[in-house]
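Please read the structure below before turning to the comments.
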Amino acid sequence: MPDYPPALQSVLDTFDLFPDPVDRTNLLLSYADQFRDVPPDVATRPFGKSHQVPQCESDAYVWAMKMPDGTLKLHFAVENPSGVSAKALATILDRSLSGLPADQIAQVDSSIVERIFRQNISMGKGMGLMSMVEAVRALARQSLIASR
Amino acid sequence: MGITNQPPDLLPGTLDMLILRTLGRGPLHGYAIADRIRLVSDDVLVVGESSLYPALQRLLVNGWVTAEWGASDNNRRARYYTLTAAGRKRLTSERKEFQRLIGAIQQVLDSA
Chain A
6 MPDYPPALQS
16 VLDTFDLFPD
26 PVDRTNLLLS
36 YADQFRDVPP
46 DVATRPFGKS
56 HQVPQCESDA
66 YVWAMKMPDG
76 TLKLHFAVEN
86 PSGVSAKALA
96 TILDRSLSGL
106 PADQIAQVDS
116 SIVERIFRQN
126 ISMGKGMGLM
136 SMVEAVRALA
146 RQSLIASR
Chain B
17 MGITNQPPDL
27 LPGTLDMLIL
37 RTLGRGPLHG
47 YAIADRIRLV
57 SDDVLVVGES
67 SLYPALQRLL
77 VNGWVTAEWG
87 ASDNNRRARY
97 YTLTAAGRKR
107 LTSERKEFQR
117 LIGAIQQVLD
127 SA
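Respectively, the protein sequence lines represent chains A and B. Here the numbering used here is used: the first sequence runs in plain steps of one and ends on residue 153. Here the numbering used here is used: the second sequence runs in plain steps of one and ends on residue 128.
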C-alpha cells in the first residue's frame with residue numbers, strides 16, 4: 006500500500022471505518038459542505054482553461070499557489086452546483102495536501118479516489134475525480150520544475 | 017428522529033455540543049453517546065441514529081473527534097469516538113456561546 010502524507014492517511018482511515026455506503030455518503034456530504042471556492046485574489050470567473058480538470062463532469066478547476074515557506078496551497082472551483090463528489094474530493098485534497106512541499110504532493114496517486122468513494126460513484130464520475138488528483142499532481146510537478 | 021421535546025431549529029449546533037461534552041469524559045461508541053445523553057438529561061433528550069451519526073461524521077470531518085474500532089461491552093465491534101484537542105477547544109467556545117444565548121433568552125422571558 007502506498008505511503009500517504011499523514012493528513013491524507015487519516016482521511017483514508019476515516020473512510021475505511023465506514024464500510025456502509027449510506028455512512029460513506031453522509032461522510033462525503035459532510036466534506037462537500039465544507040467546500041470553499043477559490044478566493045478572488047487567486048482567480049476570478051471566467052477561469053482559465055489551463056486550470057480546468059479534464060474529463061470532470063462537475064467542471065472543476067484547480068490552482069496550486071506556492072507559499073513563502075515553499076509549500077503549496079491548493080484551491081478549487083466546482084462550477085456544477087450538484088458536483089457534490091467533486092466538492093468533497095476538493096475539500097479532502099485541500100485539507101490533506103495544502104501545506105506540503107510540491108514533491109510530496111506529486112507522489113499522491115489517484116488510487117485514493119477508489120478508497121474514498123468505492124461504490125458511491127459511476128465509472129465516468131470516477132475518471133473525472135481521478136483526473137482531479139492527476140491535475141493536482143501535474144501542478145505540483147510544474148512547481149517542482151519551476152523551482153529548479 | 018432528532019432530539020425530542022425541543023424545537024430543532026431553536027438552538028442549532030446543540031447536538032454537536034452535547035456530543036463533544038459527552039466525549040469529554042472519555043471515548044465512547046455511538047450508542048453509548050446517545051444513551052449517556054438520555055440518562056444525564058433524565059430521558060428528556062433522546063437522540064436518534066439518523067441525527068447522531070451524521071453529527072458524529074460532521075465532528076470527524078472537522079477534526080473535533082477521531083474514531084477507531086474497538087469492542088463494546090457485549091464484545092461486539094463498535095466505532096469508538098474520542099474528543100481531540102481541537103474538539104475540546106471547540107466545546108469551550110460553543111459552551112460560552114450557548115450560555116450567552118440562554119442568558120439572552122432568559123432576559124427576554126423575564127422581561128415579558
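Every residue gets a Cβ at the ideal spot worked out from N, C-alpha and C, and that includes glycine.
Length of the line joining the Cα atoms of Ala102 (chain B) and Asn78 (chain B) = Straight-line Cα distance between these residues: approximately 9 Å.
With 7 Å as the limit, tell me which residues of the segment 37 to 69 of chain A have their beta carbon closer than that to any beta carbon of chain D; keep them in chain order. In the displayed structure, chain D is absent; the protein chains listed are A and B.
Measure the C-alpha to C-alpha separation of Leu117 (chain B) and Arg111 (chain B) and round it to an integer number of angstroms.
Spanning the two alpha carbons is a distance of roughly 10 Å.
(message) I'd like to check one pair, Leu94 (chain A) with Val138 (chain A): are the Cβ atoms closer than 9 Å?
(response) Yes; because the gap between Cβ atoms is below 9 Å, this pair is in contact.
- Message: Excluding the 5 residues flanking Thr20 (chain B) on each side, which residues of the same chain have their C-beta closer than 6 Å to its C-beta?
- Response: Per-residue confidence for Thr20 (chain B) stands at a pLDDT of 49, beneath the threshold of 50, marking its modelled position as unreliable; the derived number appears in the next sentence. Apart from sequence neighbours up to five positions away, the residues of its chain that approach Thr20 (chain B) with a beta-carbon distance below 6 Å are Val62, ordered along the chain.
Just curious, the alpha helix (DSSP H) that Ala12 (chain A) is in, first and last residue? Going by DSSP, Ala12 (chain A) is part of the alpha helix (DSSP H) stretching over Pro11 to Asp21.
When you compare each of B:Leu76, B:Leu72, B:Pro70 and B:Ile35 to Ser57 (chain B) by their alpha carbons, which one comes out closest? For Ser57 (chain B), the closest alpha carbon among the candidates B:Leu76, B:Leu72, B:Pro70 and B:Ile35 is that of B:Ile35.
(message) Quick check on this structure: which residue in B:Tyr69, B:Pro43, B:Leu31 and B:Leu44 has the alpha carbon closest to the alpha carbon of Leu32 (chain A)?
(response) Checking every option, the nearest Cα to that of Leu32 (chain A) belongs to B:Tyr69.
Point to revise | is_contact[Gln124 (chain A), chain B] using C-beta, thresh 9 Å | key: So, not an interface residue.
Taking only runs of the alpha helix (DSSP H) that begin and end inside the segment 82 to 115 of chain A, which ones reach a length of at least 4 residues, in chain order? Counting only runs of 4 or more, we get 89 to 102 and 107 to 111.
- [ ] Let me know the secondary structure DSSP gives Gln57 (chain A) once reduced to three states.
- [x] Strand at Gln57 (chain A).
Just checking: is the beta-carbon of Ala73 (chain B) within a distance shorter than 9 Å of some beta-carbon in chain A?
Before going on, a small fix: residue 73 (chain B) reads as Gln here, not Ala. Yes, contact with chain A.
Measure the CB-CB distance between Ser115 (chain A) and Asn85 (chain A) and report whether it falls below 9 Å. The Cβ atoms of Ser115 (chain A) and Asn85 (chain A) do not sit closer than 9 Å to each other.
What are the residues of the segment 35 to 65 of chain B that lie near chain A, defined by any Cβ-Cβ distance shorter than 8 Å?
Under the 8 Å Cβ criterion, the segment 35 to 65 of chain B contributes no residue.
- Could you pull out every residue in the same chain whose Cβ sits closer than 8 Å to the Cβ of His45 (chain B), ignoring the five residues on either side in sequence? Setting aside the 5 residues that flank it on each side, His45 (chain B) is surrounded in the same chain by Gly86, Ser88, Ala94, Arg95, Tyr96 and Tyr97, each with a C-beta closer than 8 Å to its C-beta; the list follows chain order.
Query raised in the report: What first and last residue would you give for the beta strand (DSSP E) that runs through Met70 (chain A)?
Result: Start and end: Ala65 to Lys71.
* **Reference Ser55 (chain A), options A:Gln112, A:Lys71 and A:Val67, closest by Cα** => Comparing Cα positions, the closest option is A:Val67.
On the premise that Ile126 (chain A) lies in contact with Leu13 (chain A), defined as a C-beta separation below 8 Å, what is that separation, rounded to the nearest angstrom? Between the beta-carbon of Leu13 (chain A) and that of Ile126 (chain A) there is about 19 Å, and that puts the pair past the 8 Å contact cut.
Item checked: Rounded distance between the beta-carbons of Leu107 (chain B) and Gly40 (chain B), thought under 8 Å -> Rounded, the Cβ-Cβ distance is 7 Å, consistent with contact.
Practice task
Just confirm the distance between the C-beta atoms of Ser90 (chain A) and Phe122 (chain A), as a whole number of angstroms; I'd bet it's less than 8 Å.
Solution key: About 7 Å separates the beta carbons of Ser90 (chain A) and Phe122 (chain A), which is inside the 8 Å limit, making them a contact pair.
Specify the secondary structure class of Ala140 (chain A) as computed by DSSP and reduced to three states.
Correct three-state label for Ala140 (chain A): helix.
Considering only the beta carbon of each residue, do Leu31 (chain B) and Ser66 (chain B) sit closer than 9 Å?
No, these two residues do not count as a Cβ contact at 9 Å.
*asked:* Quick check: is the beta carbon of Arg116 (chain B) nearer than 9 Å to any beta carbon in chain A?
replied: It does not: the Cβ of Arg116 (chain B) has no partner Cβ on chain A nearer than 9 Å.
Answer with buried or exposed for Val113 (chain A), where buried requires no fewer than 16 other C-beta atoms within 10 angstroms of its C-beta.
With 16 or more other Cβ atoms within 10 Å, it is buried.
Practice prompt. Measuring alpha carbon to alpha carbon, tell me which of B:Gln123, B:Arg92, B:Leu72 and B:Thr82 ends up nearest Met33 (chain B).
Written response: Considering only alpha carbons, the answer is B:Leu72.
Note to self: What does the Cβ neighbour count give for Lys130 (chain A), buried or exposed, with the cut at 16 atoms within 10 Å?
What the structure shows: Looking at its Cβ environment, which holds 16 or more other Cβ atoms inside 10 Å, Lys130 (chain A) is buried.
- Locate the beta strand (DSSP E) running through Gly86 (chain B), then write down its first and last residues. Looking at the DSSP string, the run of the beta strand (DSSP E) that includes Gly86 (chain B) is Val81 to Ala87.
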